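Novice: Numbering follows UniProt numbering, with no gaps: position 197 of the sequence shown is 197.
Quick reminder that beta carbons are idealized off the backbone N, C-alpha and C, glycines included.
Predicted model, so just to flag it, every value in this text is computed and none were measured.
Dropping the structure in here first, questions after.
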Amino acid sequence: LTHWQHPRFHAYFTGGQSYPDIVAEALTSALATVNFCWDSSPAFTELEIVMVNWMGKIFNLPNEFLFNGNSSETSLGGGAMQNGGSDAILLAFLVARHKRITEICGNIDIHCRDKEHQVLNKLVAYASTEAHSSVEKAALVTLVHMRPVQADKNFQMRGKDLEKQVQKDLEKGNIPFVVFVTLGTTSTGAYDQLKEIIPVAKKYNLWIHVDASYGGNAWCCEEFHYQMDGLKDVDSININLHKTFLHNVPGTYFWTRNQRVLKEAMTVDPAYLHARHHGTATDFRNWGVSLSRRALCLKTWFILRTYGVRGMQEYIRRVIIEIVGQQVFSLVCFRLKIDNNNNDDCNEMTKALVEYINHSQKLCITYAKCNGQSICRFSFGHQLALEKEIDESYEILSNLIEEFLQKSHLEQYSREILFKAGGGVVGSPVFVTQNTLRSTSSYASLIHSGGHSPVPDQSSASDQSNSRRLSPRK
1 LTHWQHPRFH
11 AYFTGGQSYP
21 DIVAEALTSA
31 LATVNFCWDS
41 SPAFTELEIV
51 MVNWMGKIFN
61 LPNEFLFNGN
71 SSETSLGGGA
81 MQNGGSDAIL
91 LAFLVARHKR
101 ITEICGNIDI
111 HCRDKEHQVL
121 NKLVAYASTE
131 AHSSVEKAAL
141 VTLVHMRPVQ
151 ADKNFQMRGK
161 DLEKQVQKDL
171 EKGNIPFVVF
181 VTLGTTSTGA
191 YDQLKEIIPV
201 AKKYNLWIHV
211 DASYGGNAWC
221 CEEFHYQMDG
231 LKDVDSININ
241 LHKTFLHNVP
251 GTYFWTRNQR
261 VLKEAMTVDP
271 AYLHARHHGT
281 ATDFRNWGVS
291 LSRRALCLKT
301 WFILRTYGVR
311 GMQEYIRRVI
321 IEIVGQQVFS
331 LVCFRLKIDN
341 NNNDDCNEMT
351 KALVEYINHS
361 QKLCITYAKC
371 NGQSICRFSF
381 GHQLALEKEI
391 DESYEILSNL
401 IEEFLQKSHL
411 EQYSREILFK
421 AGGGVVGSPV
431 FVTQNTLRST
441 SSYASLIHSG
451 GHSPVPDQSS
461 ASDQSNSRRL
471 SPRK
């Protein structure tokens with residue numbers, strides 16, 4: 001088991017863990033409500049509508065993205081919870097694709113789609129080379145071309161670079177239809193230049209989706225509203241509350257200013273799914289791919305009722321720092337710099353450093369590659385981490401880098417020199433002991449063979465205490 005709640009776990013953006021979230025999860029499972037239409041769950045349908053609006057207002061989203069009535073005639077915008085950021089990205093693809101195809105072909109006949117398929121063959125989507133992998137996967141699922149736009153030196157997509165790619169596709173007879181703008185990339189936390197991208201997208205009639213899975217959580221704090229410049233002109237947005245907002249997975253919200261187009265793209269309407277108030281009530285089955293929807297909104301309600309908006313703002317401010325350069329929030333990216341400054345050598349050494357750090361079992365970080373540069377990702381947004389523990393992690397990191405440089409040689413270094421073969425779990429923040437192996441199949445063979453972990457148990461008393469710490473501090 002990789003212990004995601006351990007204070008030495010700095011590999012990924014950790015899912016939130018909070019008492020109200022756990023209680024809401026338990027209650028949701030106990031009720032086992034399937035929230036696909038108003039009749040199936042009136043209370044949870046209404047609660048999800050309220051939570052979409054509450055979170056939209058907390059994040060200072062434009063009013064056009066909120067529910068202002070029960071139908072697309074009275075409310076142009078609105079939103080729904082999704083099973084994750086990948087589902088939200090796929091939904092944006094499907095809606096944008098439907099919009100462009102109907103603009104060209106008119107109303108779609110499900111029994112004769114030849115003309116639609118001819119258009120589909122030419123559709124092109126755009127995103128930064130630093131966009132999340134779910135964008136590429138959604139392009140595969142929706143059978144459209146995916147055109148990556150090269151990020152600049154700050155790992156951001158720029159408007160001029162997007163326009164160059166769009167013009168190339170138009171010259172080839174292709175049909176651009178959507179652009180994905182990332183505000184807080186997974187690799188480096190970078191922000192695409194939304195203000196530059198919007199006029200280009202409007203010029204070429206592109207649906208604009210903002211993936212703010214990570215960065216959007218900070219918008220509950222007024223000092224980060226500057227990052228939202230231009231958001232009023234986009235078509236859809238998603239934010240993952242499980243990135244920073246004390247929600248466990250999943251906790252994704254999706255908003256759009258055009259719910260009519262979304263529901264046209266996603267509605268399949270057999271009689272057995274008709275609600276009593278068909279056409280006037282909100283049926284969330286028409287707001288995504290899934291029909292079997294859990295009542296995820298209960299988690300948001302419990303958390304906000306427990307901590308309040310001010311409490312969440314204080315929590316967000318606690319986990320955010322600003323460092324030199326373009327990066328903000330709880331992610332630091334770095335790489336090794338060696339004497340000859342050869343990029344290939346730096347990349348190889350940096351990748352080996354990540355393996356060395358994780359194999360030490362003292363810290364857990366992750367590797368990424370951006371613009372041809374290998375980087376180490378150090379995430380410190382853990383909800384229970386104290387400043388003292390971050391300082392300790394920094395000291396451990398510094399010592400491991402020094403050890404690595406002493407043990408490795410640029411001309412000739414190997415995995416055998418850097419690492420001792422052992423029975424440990426790579427990346428585990430806790431050293432392998434009899435206790436930690438007790439639940440694994442390898443423990444029996446280790447004991448019978450008389451083997452022992454080659455890594456000495458040098459964990460500190462604080463580390464041993466942290467490995468047992470599962471509940472929030474009092």
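What three-state label does DSSP hand M146 in the structure shown?
Specialist: DSSP places M146 in strand when its eight states are reduced to three.
Novice: Compute the distance between the beta-carbons of C376 and E130, then report whether it is under 8 Å.
Specialist: Taking 8 Å as the Cβ cut-off, C376 and E130 do not qualify as a contacting pair.
Novice: So what's N240 in DSSP terms, helix, strand or just coil?
Specialist: In the structure shown, N240 sits in a strand (DSSP, three-state: E or B).
Novice: Just how far apart, CA to CA, sit T2 and K362?
Specialist: One C-alpha to the other measures close to 13 Å.
Novice: Taking the C-alpha atoms as reference points, what is the distance between L400 and I357?
Specialist: Cα to Cα, L400 sits roughly 6 Å from I357.
Novice: Please confirm whether I239 and A212 have their CB atoms less than 8 Å apart.
Specialist: Contact flag set, yes.
Novice: Please classify T282: does DSSP put it in a helix, a strand, or coil?
Specialist: Coil at T282, not helix or strand.
Novice: Mind checking whether Y214 and K243 have CB atoms under 8 Å apart?
Specialist: Yes, these two residues count as a Cβ contact at 8 Å.
Novice: Using DSSP with H/G/I as helix, E/B as strand and the rest coil, what is V324?
Specialist: Residue placement at V324 is poorly supported in this model, since its pLDDT is 28, which falls under 50; the coordinates are not used for a value here.
Novice: Could you give the residue range of the beta strand (DSSP E) that holds R377?
Specialist: Q373 to S379 is the extent of the beta strand (DSSP E) around R377.
Novice: Could you pull out every unbroken beta strand (DSSP E) segment of at least 3 residues lying fully inside the region 24-63, listed in chain order?
Specialist: Listed in chain order, there is nothing to give.
Novice: Go to V95, then tell me how far its alpha helix (DSSP H) extends in each direction, as first and last residue.
Specialist: That run of the alpha helix (DSSP H) goes G85 to C105.
Novice: Given that a residue counts as buried once 16 or more other Cβ atoms are within 10 Å of its Cβ, and exposed if not, what is G159?
Specialist: Buried.
Novice: Could you say which of R260, H247 and A271 lies nearest to K299 if we only look at CA atoms?
Specialist: When only C-alpha atoms are compared, the closest one is H247.
Novice: I'd like the list of long-range same chain contacts for V166, defined as Cβ closer than 6 Å, with 5 residues on each side in sequence excluded.
Specialist: Closer than 6 Å at Cβ, skipping near neighbours: P176 and Y204.
Novice: For C297, tell me which candidate among F36, Y367 and H6 has the shortest Cα-Cα distance.
Specialist: Of the listed residues, the one whose Cα sits closest to C297 is F36.
Novice: Are the region 111-121 and the region 265-272 in contact at 8 Å, needing three or more beta carbon pairs?
Specialist: The answer is no - the region 265-272 does not touch the region 111-121, with fewer than three Cβ pairs under 8 Å.
Novice: Determine the closest residue to S40 out of M312, R310 and D283, with distance taken between C-alpha atoms.
Specialist: Cα-wise, what sits closest to S40 is D283.
Novice: With a cut-off of 8 Å on the beta carbons, I'd call M266 and W287 a contact; round off their distance for me.
Specialist: Between W287 and M266 the Cβ distance is about 7 Å, and since that is below 8 Å, they are a contact.
Novice: What residue range is occupied by the uninterrupted alpha helix (DSSP H) comprising C346?
Specialist: Start and end: N343 to S360.
Novice: Just how far apart, CA to CA, sit A421 and Y367?
Specialist: Caution applies to A421, whose pLDDT of 36 falls short of 50 and renders its modelled position unreliable; the value that the coordinates give is listed next. Between A421 and Y367, the C-alpha separation is close to 21 Å.
Novice: Can you tell me where the alpha helix (DSSP H) with H209 in it begins and where it stops?
Specialist: Note, H209: premise wrong, no alpha helix (DSSP H); beta strand (DSSP E) at W207 to D211.
Novice: What residues in its chain sit with their C-beta under 6 Å from that of A24, if we drop five residues either side in the sequence?
Specialist: Taken in chain order, the residues that qualify are L298, K299 and F302.
Novice: Tell me whether H209 is buried or exposed, calling it buried when 16 or more other Cβ atoms sit within 10 Å of its Cβ.
Specialist: It is buried - the Cβ of H209 has at least 16 other Cβ atoms within 10 Å.
Novice: Quick check: what's the CA-CA separation for L206 versus T142?
Specialist: Cα to Cα, the separation comes out at about 17 Å.
Novice: Does the Cβ of Q406 have 16 or more other Cβ atoms within 10 Å, making it buried, or fewer, making it exposed?
Specialist: Label assigned to Q406: exposed.
Novice: By DSSP, does C221 sit in helix, in strand, or in coil?
Specialist: DSSP places C221 in coil when its eight states are reduced to three.
Novice: Using a threshold of 8 Å, state whether the C-beta atoms of G252 and G79 are closer than that.
Specialist: Note that residue 252 is Thr in the sequence shown here, rather than Gly. Going by C-beta atoms, T252 is not nearer than 8 Å to G79.
Novice: Find out if the Cβ-Cβ distance for the pair V309, V95 is shorter than 8 Å.
Specialist: No, Cβ-Cβ distance for V309 and V95 is not below 8 Å.
Novice: Tell me the DSSP secondary structure of C370 in three-state form.
Specialist: The answer is strand: DSSP assigns C370 an E or B state.
Novice: Applying the 10 Å Cβ sphere with the 16-neighbour rule, what's the burial state of C333?
Specialist: Burial call: buried.
Novice: Could you tell me which uninterrupted beta strand (DSSP E) segments, each at least 3 residues in length, are contained entirely in the region 136-181, listed from first to last along the chain?
Specialist: With a minimum length of 3 residues, the continuous beta strand (DSSP E) runs that stay inside the region 136-181 are 145-149.
Novice: Could you give the DSSP three-state label for W4: helix, strand or coil?
Specialist: W4 falls in the coil class under three-state DSSP.
Novice: Please identify the residue among M51, K164, P250 and N68 whose C-alpha is closest to the C-alpha of I22.
Specialist: Of M51, K164, P250 and N68, the residue nearest in Cα terms is P250.
Novice: With respect to the alpha helix (DSSP H) encompassing V119, which residues constitute its N-terminal and C-terminal limits?
Specialist: Element bounds for V119: D114 to L120.
Novice: For V181, count neighbouring C-beta atoms within 10 Å of its own C-beta (all shown protein chains included) and say buried if the count is 16 or more, exposed if not.
Specialist: Under this definition V181 is a buried residue.
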